[in-house]
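Please read the structure below before turning to the comments.
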Amino acid sequence: MEYINNYIEKNKERFLEELFGLIRIPSISSEKSHKPDMYKAAEYWKDLLLKSGADKAGIFETDGNPETSAEKM
């Protein structure tokens with residue numbers, strides 16, 4: 018448990034900046050005017066997943082908003 022706590026403490030600023038980066042995108046899915054922002058948020062998630070070690074990540078179309086998915090091979 019100490020290892021995890023140390024990792025979190027060591028990376029706290031990065032974790033917060035990643036979270037704030039996502040929050041800055043006005044991706045309110047119920048408002049059609051924010052549709053481009055939904056794609057921007059999906060791309061942001063994709064990049065974070067790849068930087069975090071996912072081998073593959075993509076953005077997929079749905080009947081509603083785009084979805085981001087990743088996998089580790």
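Sequential numbering of the sequence shown, starting at 18, is according to this note's numbering.
Beta carbons are placed, not taken as given, at the ideal position from N, Cα and C, and that holds for glycine.
Buried or exposed (CB count within 10 angstroms, at least 16 for buried), residue i
i: Met-55; result: buried
i: Leu-66; result: buried
i: Lys-89; result: exposed
Coil, strand or helix - residue i by DSSP
i: Ala-58; result: helix
i: Lys-89; result: coil
i: Glu-48; result: coil
i: Ile-42; result: coil
Where the beta strand (DSSP E) containing residue i begins and where it ends
i: Gly-81; result: Premise fails: Gly-81 is in no beta strand (DSSP E) and is neither H nor E.
Paired residues, beta bridge with residue i - DSSP
i: Lys-73; result: Glu-88
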